[in-house]
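With our numbering applied, the sequence shown corresponds to residues 192 to 964, in that order.
Notes follow once the structure below has been shown.
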Amino acid sequence: MATLPVLPLTDAVLLPGMVIPVTLDPTTQAAVDAARATGDHRLLAVPRLDGEYGSVGAIATIEKVGRLPSGEPAAVIRGIARARIGTGVPGPGAALWVEASEIDEPAPAGRARELAREYRALVTSVLQQRGAWQVIDAVERMTDLSELADSAGYAPWLSLAQKTELLAAPDVTARLELLVGWVKDHLAEQEVTEQINSDVREELEKTQREFLLRQQLAAIRKELGEDAPDGTADYRTRVKAADLPEKVREAALREVGKLERASDASPEAGWIRTWLDTVLEMPWSTRTEDNTDLTAARAVLDADHAGLSDVKDRILEYLAVRNRRAERDLGVVGGRGSGAVLALTGPPGVGKTSLGESVARALGRRFVRVSLGGIRDEAEIRGHRRTYVGALPGRIVRALREAGSMNPVVLLDEVDKLSAGYAGDPAAALLEVLDPAQNHTFRDHYLEVDLDLSDVLFLATANVVEAIPGPLLDRMELVTLDGYTEEEKVAIARDHLLPRQRERAGLTVEEVEVDHAALGRIAGEYTREAGVRQLERALAKIMRKVAVTLTADPSPVLVGVDDLVRYLGRPKHTPESAQRTAVPGVATGLAVTGAGGDVLFIEATSMEGEPGLTLTGQLGEVMKESAHIALSYLRANGRRLGLDPNSLAGRRIHLHVPAGAVPKDGPSAGITMVTALASLASGRPVRPEFGMTGEVTLSGRVLPIGGVKQKLLAAHRAGLTEVIIPARNEPDLDDLPTEVREALTVHTLADVADVLALALRPAEAEARTLTLA
Numbered sequence: 192m193a194t195l196p197v198l199p200l201t202d203a204v205l206l207p208g209m210v211i212p213v214t215l216d217p218t219t220q221a222a223v224d225a226a227r228a229t230g231d232h233r234l235l236a237v238p239r240l241d242g243e244y245g246s247v248g249a250i251a252t253i254e255k256v257g258r259l260p261s262g263e264p265a266a267v268i269r270g271i272a273r274a275r276i277g278t279g280v281p282g283p284g285a286a287l288w289v290e291a292s293e294i295d296e297p298a299p300a301g302r303a304r305e306l307a308r309e310y311r312a313l314v315t316s317v318l319q320q321r322g323a324w325q326v327i328d329a330v331e332r333m334t335d336l337s338e339l340a341d342s343a344g345y346a347p348w349l350s351l352a353q354k355t356e357l358l359a360a361p362d363v364t365a366r367l368e369l370l371v372g373w374v375k376d377h378l379a380e381q382e383v384t385e386q387i388n389s390d391v392r393e394e395l396e397k398t399q400r401e402f403l404l405r406q407q408l409a410a411i412r413k414e415l416g417e418d419a420p421d422g423t424a425d426y427r428t429r430v431k432a433a434d435l436p437e438k439v440r441e442a443a444l445r446e447v448g449k450l451e452r453a454s455d456a457s458p459e460a461g462w463i464r465t466w467l468d469t470v471l472e473m474p475w476s477t478r479t480e481d482n483t484d485l486t487a488a489r490a491v492l493d494a495d496h497a498g499l500s501d502v503k504d505r506i507l508e509y510l511a512v513r514n515r516r517a518e519r520d521l522g523v524v525g526g527r528g529s530g531a532v533l534a535l536t537g538p539p540g541v542g543k544t545s546l547g548e549s550v551a552r553a554l555g556r557r558f559v560r561v562s563l564g565g566i567r568d569e570a571e572i573r574g575h576r577r578t579y580v581g582a583l584p585g586r587i588v589r590a591l592r593e594a595g596s597m598n599p600v601v602l603l604d605e606v607d608k609l610s611a612g613y614a615g616d617p618a619a620a621l622l623e624v625l626d627p628a629q630n631h632t633f634r635d636h637y638l639e640v641d642l643d644l645s646d647v648l649f650l651a652t653a654n655v656v657e658a659i660p661g662p663l664l665d666r667m668e669l670v671t672l673d674g675y676t677e678e679e680k681v682a683i684a685r686d687h688l689l690p691r692q693r694e695r696a697g698l699t700v701e702e703v704e705v706d707h708a709a710l711g712r713i714a715g716e717y718t719r720e721a722g723v724r725q726l727e728r729a730l731a732k733i734m735r736k737v738a739v740t741l742t743a744d745p746s747p748v749l750v751g752v753d754d755l756v757r758y759l760g761r762p763k764h765t766p767e768s769a770q771r772t773a774v775p776g777v778a779t780g781l782a783v784t785g786a787g788g789d790v791l792f793i794e795a796t797s798m799e800g801e802p803g804l805t806l807t808g809q810l811g812e813v814m815k816e817s818a819h820i821a822l823s824y825l826r827a828n829g830r831r832l833g834l835d836p837n838s839l840a841g842r843r844i845h846l847h848v849p850a851g852a853v854p855k856d857g858p859s860a861g862i863t864m865v866t867a868l869a870s871l872a873s874g875r876p877v878r879p880e881f882g883m884t885g886e887v888t889l890s891g892r893v894l895p896i897g898g899v900k901q902k903l904l905a906a907h908r909a910g911l912t913e914v915i916i917p918a919r920n921e922p923d924l925d926d927l928p929t930e931v932r933e934a935l936t937v938h939t940l941a942d943v944a945d946v947l948a949l950a951l952r953p954a955e956a957e958a959r960t961l962t963l964a
């Protein structure tokens, strides 16, 4: 019986013959200090598992006290013999002292040597797998069976509980029996694992092997109590719970598998999460119900916009067809080979963009606006490939995500402002988007899954039709918004613009009102335009000035015609045709610009000098050719037209189109140039109330031109009362508003001679014929 200080071991078990280092903390330090104080440096090393001491410990001696390479204090102890722990006794220092009786080990008997041979063979097999050849040599040299059994304390494949059980075993035979069983179990486990891995490597392809490794990794993490990488399990659950098309679900699950295998620190994990978030946010199966009430749809369109009957009729036609097909169980208009793509073209300010939102409200659909002005990158439409940093889906995909449904109204604003750049042609990328025969399988480069756009109602807006590429324009149904009449502008101002500007200025109807006549004067003389933007700016200016006035005098304000000069200054646009055409050689033409129709004056004069024709006014090649054709026609047919044959010969003719800083081109000024030159040659001024447009040929035929409606609206705004157009353009008059048809006298002519007979003032008896020869 010996009295020894207790050294508790929490992460190791000391068996006789073993030498281990022990890190010194306050408890172990007290035991070491007490053992060194006794002089024989002996102590009792007892394993402590789960806070409880074992009943058997190992008597040990302190070999050395110092520091580990990491700097921590430690002691090296050597196990000598097993001892059974008795009762605690008082002793010096802070250590726990106990009485310990050394266990006498009986001599090996019976199956001990047979078990030793089997154990040595099994241990050698395990060590060979690990390549521990020096340890194998040491095991082979051991002749003491007890030493051989206790050397298992170094084995890393044994748990602390197993080593504690080995320490408490009564004799060497029992210890060897335990060890043989444990080593056999370990070898069997190793053999099964190796066999499984071998079979997997031989029989499974790469994807199956990755799946098994992923499952093994999940099982290992579960055993270790570790969670999967952040969000991985959540993504798999969300994908399975989401209502996705089958092919989209398969693609999403493949990406979730990649995410589960990827490291949290890998940048690819972030890209996959972003892609999965985008896919899960898409409204794959969400669709809104269309409004089936045509009367209510018409009321919505009429309430939001005055005029624009063509567009309203087209929308109602689309809705009527959809309703009829639904009634007869033919399926809605959607899917491959159907759909509607309307292109709204016209000058700025006529309501193309705001019309898209009204169409969405009339149909009961959600509305998204996609601005295309200035886009030069094809990836803006089709998306970036995910290999690029910061890749995003295209604007079409983002529009559907923003709308939250697969059948919204998508307004492609300013489609004529697209331009090709070094990154591709976005107009070419729109070809598939706007083709009803193809867009049911639209594929965005970022998503890389098929997207059905056949139920989307696309509306495109543009100012200049000629700027839209031909193949793209061919996929759209063209609806032209040519501008408003003065009556329509007054109605828009009264119902929409004035209330909006009044509200923005913080005013009420009781505080300020603009009478009907004043609105008409603003539209006619202050803002001569096709749209209503300048009209709204003028009303905003009036509201601001009224707000200042009300600050000093709170009396209600009624803005009349006589008050406009005080609020807006003098009129900027007054009829000038009579003044400009008062002299011979000036004719009034009609033209179309990006801002709508306009009045164009063409002036001709002659002078002494080298015979020939001078053209000025920034004219394009086609317009220059029209001038030469006009002069050649008059020289060739002057006698038949009542002109002096030599009136246009031998002198220098100068033809000028004012607004010289503005480029002009096109053939439609042909008859205007003929009329100006004929007026110059005959000395007969052009009738001031006349405007004209049409292409002329060398034989004197008047050929059809485009933009008739916009030109006639411009003539009406400019105060003209009679207009000459080509006879073949007569069908275009059907699109003209009734009030304009009633205000204008339209002459449809096919021969230039008829134009001259009608447009030139009659020759007075006392007037002499101007001879330019």
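The C-beta atom is built at its ideal place from N, Cα and C for all residues, glycine as well.
Query                                                                                                              : Result
Residue burial classification, Glu701 (beta-carbon count within 10 angstroms, cutoff 16)                           : exposed
Neighbour-count burial assignment, Pro207, 16 or more Cβ in a 10 Å radius                                          : buried
Beta-carbon proximity of Ala614 to Val532, cut-off 8 Å                                                             : no
Nearest to Glu816 (by Cα), restricted to the options Glu679, Ala731, Met864                                        : Met864
Local Cβ density within 10 Å of Gly526, reported as buried at 16 or more and exposed below that                    : Residue confidence for Gly526 is low, a pLDDT of 48 falling below 50, so the modelled location carries little weight; the figure read from the coordinates is stated next. Label assigned to Gly526: exposed.
Among Leu911, Ser389, Pro238, nearest to Arg878 - alpha-carbon criterion                                           : Leu911
Nearest residue (CA-CA) to Tyr675, options Leu198, Gln629, Gln725, Thr742                                          : Gln725
Residue environment, Glu192, which counts as buried when at least 16 other CB atoms sit within 10 Å                : In the sequence under discussion, the amino acid at residue 192 is Met, which differs from the Glu named in the question. Exposed is the call here.
Endpoints, the beta strand (DSSP E) within which Ser562 is located                                                 : 558-562
Ala443 versus Gln406 - alpha carbon distance                                                                       : 19 Å
Nearest neighbour of Pro283, chosen from Val314, Lys255, Arg302, Ala226 [CA to CA]                                 : Ala226
Gly547, DSSP secondary structure in three states                                                                   : helix
Close-in-space but distant-in-sequence residues of the same chain around Ser529 (CB under 8 Å, 5 per side omitted) : Note on Ser529: pLDDT 48, under 50, position unreliable in the model; the coordinate value appears next. Contacts found: Pro627, Ser645.
Contact the stretch 534-553 vs the stretch 579-589: 3+ CB pairs below 8 Å                                          : no
Close beta carbons around Lys354, own chain, < 6 Å, minus the five adjacent residues each side                     : Val204, Gly344
Selection from Gly372, Glu441, Glu380, Ile506 that minimises the alpha carbon distance to Asp484                   : Ile506
Other residues of its chain near Glu309: CB distance less than 7 Å, five sequence neighbours each side excluded    : Val371
Inter-residue spacing [alpha-carbon to alpha-carbon] between Glu508 and Arg695                                     : 37 Å
Span of the alpha helix (DSSP H), counted from its first residue to its last, around His819                        : 812-828
Outcome for Trp324 when other beta-carbon atoms lying within 10 angstroms are tallied against a minimum of 16      : exposed
At least three beta-carbon pairs within less than 8 Å, the stretch 210-217 to the stretch 258-274                  : yes
Whole-angstrom distance between Lys255 and His232, CA atom to CA atom                                              : 10 Å
Span separating the alpha-carbon of Asn388 from that of Glu382                                                     : 10 Å
Within the stretch 602-690, ranges of the alpha helix (DSSP H) (whole runs, at least 4 residues)                   : 617-624, 661-665, 677-683
Residues that DSSP places opposite Met597 in a beta bridge                                                         : Met597 is not bridged to any residue.
4-residue-minimum alpha helix (DSSP H) runs that sit fully inside the stretch 266-350, ordered along the chain     : 303-321, 324-332, 336-341
Three-state secondary structure assigned by DSSP to Lys255                                                         : strand
Minimum C-alpha distance to Gln770 - residue among Ala658, Ala221, Phe792                                          : Phe792
Met597 versus Arg712: straight-line alpha-carbon distance, rounded                                                 : 47 Å
Residue burial classification, Gln320 (beta-carbon count within 10 angstroms, cutoff 16)                           : exposed
Neighbourhood of Glu569 by C-beta, 8 Å cutoff - its chain only, sequence neighbours within 5 removed               : Ala614, Gly615, Asp616, Pro617, Ala619, Ala620
Buried or exposed by the 16-neighbour rule on C-beta atoms within 10 Å, applied to Lys902                          : buried
DSSP-derived helix/strand/coil call for Ala714                                                                     : helix
The beta strand (DSSP E) enclosing Ala227, as first and last residue numbers                                       : Before going further, note that residue 227 is Arg rather than Ala in the sequence given. Taken as a continuous stretch (DSSP letters only), Arg227 belongs to no beta strand (DSSP E), being part of the alpha helix (DSSP H) at 217-229.
DSSP state of Leu961 mapped onto helix, strand, coil                                                               : With a pLDDT of 39 at Leu961, under the threshold of 50, the predicted position of this residue should be treated as unreliable, though the coordinate-derived value follows. Leu961 falls in the coil class under three-state DSSP.
Buried versus exposed, by CB contacts within 10 Å (16 or more), Glu679                                             : buried
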